[in-house]
Amino acid sequence: MRLEIGPYTASSAAGIGLVEMRESIVTKRTGLRRNDLEGCDLDTWIGRVEGLEKVALPEGLEHLQSRNNQLAWLGLQQDGFLESIIDLKSRIGADRIGVIIGTSTSSIGRTEEAYERLLPTEEMPEEYRQPHVHTLHSPGLFVATVTGLTGPAMTISTACSSSAKVFASASRWIHNGFVDAVLVGGVDSLCNSILYGFNSLELISANQCRPFDRRRDGINIGEACGYAIVTREGFLPDARLHLAGYGESSAAYHMAHPHPKGRGAVIAIDLALERAGLTADSIDYVNLHGTATPANDRIEGRVLAKRFSERTMASSSKGWTGHALGAAGILESVITLEAMSTGVIPGTLNCEEMDLEIEFQVITANIDAEIRYAISNSFGFGGNNATLIFGRIDG
Amino acid sequence: MARVDLAGVGIWSKSFSGWEQFCAVVNGASVDADPKLKPELIPARERRRAPQFVKMAVEVMDQACNMADVDRSSVATVFASGMGDMEITDYMCRTLATMPRTISPTKFHNSVHNAATGYWSIATESNAPATAVSGYANSSAIALLEGATQAIEENIPVLVAVQEGAAPNPFKSVYDSDQPLAVSLLLMPTGECSSPICEFRIGVSGGDLPEEKPVSLAGVDLNGNFIVELLDLLLVVAEGDNRRLDLPISPSGTLSINVTRPGNKGHG
């Protein structure tokens, strides 16, 4: 059974909706800015979504207020995505459509705010007593509530692979017949837990992140959300893209450091190729995890060199968006799907002096080319890895 | 509809630890006042750094594998919790509100929702897939759906661990339980387990929510814990009944589980 991909959308520092994102990619304009997040004094750059604080949740859903849900709602309104959901609901029924959303920190930003204002009794102030917000499932609940989808709803939280894994779970639910379609996505917003947390690990850069550059010195945290509709074959007459394969693995090495030889990453890539029935040579493009930490890019280069030849192009798009963590999987899947649809393959923004010690050379400039099969890689804390392969539907 | 075999069960609360002790309590034995929580699977050095929440998960995951003849490194893992590790969230938020630059890097990387499956994969040297999910109050049903579909689609054993911790003070207004509970279920594709405890046939349907019916075990107070409904399922398994059970999976849907005991192939 083929899993088809219908309408999709993404919002990040590189643009709210696909039109702005395309413009940023073509003009090589970064969405990164010097950290100006309220309440955070770290010397770094961030990928903040402009004006997010002013987004109002729909009437009646004020009790779900959080920065993460504001981002979820802003993203749903782009590119006619909500209208697509309404159309799909009318055709196959709200109860036959599941919701699977990835996030790393959910609405913890709101919990942080509540803790800054704790009453002397240690209770949260009245307006912060939001049971559906202070839970990992906050984004899944919000998306299910606001779209009226009544199939099973789940939030996946496996650090930076979260919203790549949504495609694998959706594929299994659909193939088993529990649902006919799934709204997959990811939402992760800027919060102090992540900024100060990565600061404690000495992984954030005081500069714009420079993936695969020899001067790279860490990540920039970004916020993003993205969504796609995936269905069993035949539900989307206009579908031109499909999920050809996926692979999930554990590195079994360390909670916060990648395996030196990229063991988990190689397994995830091999599983995805096997499921797709493809050889590495049939992959035209790889959107890399490419975080711009010295270790990640070196190891990912080694993994690529092990499997791919020079005919496969590879790049990291994090110079545009920062590292969107739990939303990186969906954001970079959408960037990959866009490259397949538009024929514009993004280069590696901010990679000016390529690190020649990395075993696989990435593309730095944007390239116009036709892609038949493309990979999106996502690797996370706890050694959690996911690789997705997308393909074009001919005809 | 998904069919999987139940090959092992793990359970830990402040009143009992392990399947045998749970069954004994069901049959009227008095509860264990304070069962130990010291999962031997995690090396001592790592165990000192592992959060209590991770220890709960690894303990019940290990218990479930002990009941079945299974290679731990071949097992995929599905961890689920509605509220996650509230103790570590409490630490993070308190520290951020006062001295944000003093966040402990170890506590930060332990704060990921997939911490337990990370520790498990490292301890068992497993490269098998691992996921961590949440369905708020419906996390039990979501975890069973995710675990069963994975066992069938990938044709591998899947170790499902569902748990909720005790709420720190600030969380009590949104989640009112001070009783931790962890449950693990080892699901296997049909035919892969030589002596399954029982078979689960799992389906999703719309309709009314099942009636609220808190489990009552003498001397055990778990009310308020989101996943107490799993004890209903374990009671059916323990009593050897063939029965259907419904768990809420969405505001208007239920996960139905038909529990079927194998004819004369019962465990043990």
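Chains A and B, in that order, are what the protein sequence lines are. Under the working numbering, think of the first position of the first sequence as 1381, with each following residue one higher. Under the working numbering, think of the first position of the second sequence as 1188, with each following residue one higher. No residue lacks a Cβ here, since even glycine has one placed at the ideal position from N, Cα and C. It should be emphasised that the depicted structure is a prediction, and the values quoted were computed from it without experimental measurement.
query: Residues in the region 1541 to 1555 of chain A having any Cβ partner in chain B nearer than 7 Å; result: K1545, S1549, R1552, W1553 and H1555
query: Rounded distance between the beta-carbons of G1520 (chain A) and I1481 (chain A), thought under 8 Å; result: 4 Å
query: Own chain residues within Cβ distance below 8 Å of I1725 (chain A), not counting five before or after; result: Y1665, M1693, S1695, A1719, I1743, N1746, I1747, D1748, A1749 and I1751
query: Anticipated Cβ contact below 8 Å, N1730 (chain A) with R1590 (chain A), distance rounded; result: 4 Å
query: Helix, strand or coil at G1453 (chain B) according to DSSP, with G and I counted as helix; result: Because the pLDDT at G1453 (chain B) is just 43, under 50, the model does not fix this residue reliably, and the point stays unresolved.
query: CB contact below 8 Å: P1511 (chain A) versus chain B; result: yes
query: Stretch pair the region 1353 to 1371 of chain B + the region 1240 to 1254 of chain B: three plus CB contacts closer than 8 Å; result: yes
query: Spatial neighbours of M1254 (chain B) in its chain, beta-carbon cut-off 6 Å, leaving aside the 5 residues before and after; result: G1195
query: Beta carbon proximity, P1357 (chain B) to chain A, threshold 8 Å; result: yes
query: K1225 (chain B) burial status per 10 Å Cβ neighbour count (16 or more: buried); result: exposed
query: C-alpha gap between S1541 (chain A) and G1406 (chain B), whole angstroms; result: 42 Å
query: Proximal chain A residues relative to I1339 (chain B), where beta-carbon distance stays under 9 Å; result: R1552, H1555 and N1556
query: Nearest residue (CA-CA) to V1361 (chain B), options A:A1436, A:G1602, A:T1491 and A:L1651; result: A:T1491
query: Where A1604 (chain A) falls, given that 16 or more other Cβ within 10 Å makes a residue buried; result: buried
query: Chain B contact for S1662 (chain A) (CB, 8 Å cutoff); result: no
query: Cβ-Cβ distance between L1623 (chain A) and L1383 (chain A) below 8 Å; result: yes
query: Local Cβ density within 10 Å of S1573 (chain A), reported as buried at 16 or more and exposed below that; result: buried
query: Assigned exposure category for G1528 (chain A) - 16 Cβ within 10 Å defines buried; result: exposed
query: Status (buried if at least 16 other CB within 10 Å, exposed otherwise) for K1434 (chain A); result: exposed
query: Beta carbon proximity, E1416 (chain B) to chain A, threshold 8 Å; result: no
query: Contact set for K1223 (chain B): own chain, Cβ-Cβ below 8 Å, skip 5 residues either direction; result: S1204
query: Opposing strand residues paired with L1621 (chain A) [DSSP bridges]; result: A:I1385 and A:R1772
query: I1609 (chain A) beta carbon less than 8 Å from that of A1544 (chain A); result: no
query: Where L1432 (chain B) meets chain A, residues with beta-carbon distance less than 8 Å; result: The premise fails here: L1432 (chain B) is roughly 17 Å from chain A at the closest Cβ pair, so nothing lies under 8 Å.
query: Sheet register partners of S1758 (chain A) (DSSP bridge); result: A:A1766
query: Whole-Å CB distance - A1315 (chain B) paired with V1191 (chain B), under 8 Å assumed; result: At roughly 16 Å, the Cβ-Cβ gap does not stay under 8 Å, so A1315 (chain B) and V1191 (chain B) are not in contact.
query: Rounded separation between V1429 (chain A) and S1392 (chain B) - CA only; result: 39 Å
query: Contact check, G1568 (chain A) vs A1707 (chain A), beta carbons under 8 Å; result: Residue 1568 (chain A) is actually Asp in this sequence, not Gly. Yes; because the gap between Cβ atoms is below 8 Å, this pair is in contact.
query: Partner residues on chain A for A1189 (chain B), Cβ-Cβ distance less than 9 Å; result: N1556, G1557 and F1558
query: Nearest residue (CA-CA) to A1189 (chain B), options B:P1376, B:V1415 and B:R1431; result: B:P1376
query: Top-ranked residue by Cα proximity to T1659 (chain A), from A:I1601, A:Y1753 and A:R1596; result: A:Y1753
query: CB of L1372 (chain B) within 8 Å of CB of L1228 (chain B), strictly; result: no
query: Contact with chain A by E1333 (chain B), beta-carbon distance below 8 Å; result: yes
query: Under the three-state DSSP convention, the category A1652 (chain A) falls into; result: helix
query: Listed by chain order, chain B residues near N1572 (chain A) by CB distance under 7 Å; result: L1283 and P1287
query: Rounded straight-line distance, which links the Cα of G1627 (chain A) to that of L1653 (chain A); result: 8 Å
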